[in-house]
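Heads up: the structure comes next, in structure tokens.
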């Protein structure tokens, strides 16, 4: 039987992707992110990420840009503490724009966060972009492609120039798939090339030491045990 992402109507494809990741209730991993501009300047950050459903997450920046910063989200509030600060800053999740927390409501190392902006766009079948098995168009804005196993493989965005703003484009590749549960794949490497305001940027995220549905104690997300 073909995976739902290859057989579902175009209008249901995003739902099929989300359903793939529903069995994952928590996850821990290390994340190494590198950003490089067209001048060759690079910024690198390594973090330990612990995530659980119910809007819970802890991110500890181990080294690089923002080293020492800790973010704890307990389901209701966001606590952020930088080195040298006596107490963390606090924000209510409910007071923030939903788009600000796309990563909080997405399984790390999955494509859910990148696909969130497509939710309100009309989806139609498109001619598959080689070498992919299926491509879905989201309005005139994005093309989402799947490989022959039904895994998200590539996401292309394109916005035309408007009111003096240059055209914006972005291409994201999901690489090094890892089957963490039967039929559920995460990606150990995500590459993004973007042109924003005429400036080219390259982003690479590497996910290592991925563990799903492990024993993450509730204290991990409790600010009283972190600060």
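Residue numbers (this note's numbering): 446 to 672. Where is the CB? At the ideal position from N, CA and C, for every residue including glycine.
- For the stretch 580 to 630, there is no continuous alpha helix (DSSP H) assignment of 4+ residues that stays within its boundaries.
- Remark: C-beta atoms of residue 610 and residue 455 do not approach each other more closely than 7 Å.
- Under the three-state reduction of DSSP output, residue 527 falls in the coil class, being neither helix nor strand.
- Within its own chain, the residues whose Cβ lies closer than 6 Å to the Cβ of residue 535, once the five positions on either side in sequence are excluded, are 522, 524, listed in chain order.
- Residue burial annotation: residue 602 is buried, with at least 16 other C-beta atoms found within 10 angstroms of its C-beta.
- Within 10 angstroms of the beta-carbon of residue 519 lie 16 or more other beta-carbons, which makes it buried.
- Per DSSP, the unbroken alpha helix (DSSP H) holding residue 449 starts and ends at 449 to 452.
- Here the C-alpha atom of residue 576 lies approximately 25 Å from the C-alpha atom of residue 566.
- Under the three-state reduction of DSSP output, residue 671 falls in the coil class, being neither helix nor strand.
- Relative to the Cα of residue 593, the nearest Cα in the group 533, 647, 636, 574 belongs to 574.
- Minimum Cα-Cα distance from residue 546 among the listed residues 498, 568, 655, 527 corresponds to 498.
- Of the candidates 654, 585, 532, the residue whose Cα lies closest to the Cα of residue 476 is 654.
- Secondary structure note for residue 507: its beta strand (DSSP E) is the uninterrupted segment 501 to 509.
- Going by beta carbons, residue 583 and residue 561 fall outside the 7 Å limit.
- The Cβ-Cβ distance between residue 666 and residue 533 does not fall below 7 Å.
- Residue 471 carries a strand assignment under DSSP once its states are collapsed to helix, strand and coil.
- Residue 556 sits away from residue 472, with the two beta carbons spaced by 7 Å or more.
- Selection 606, 589, 516 evaluated against residue 599 yields 589 as nearest (Cα-Cα).
- When DSSP states are grouped into helix, strand and coil, residue 466 belongs to the helix group.
- The Cβ neighbour count for residue 527, taken over all protein chains shown within 10 Å, is under 16; the residue is labelled exposed.
- Collapsing the DSSP output to three states places residue 548 in coil.
- Contact between residue 629 and residue 448 fails: their C-beta atoms lie close to 11 Å from each other, not under 8 Å.
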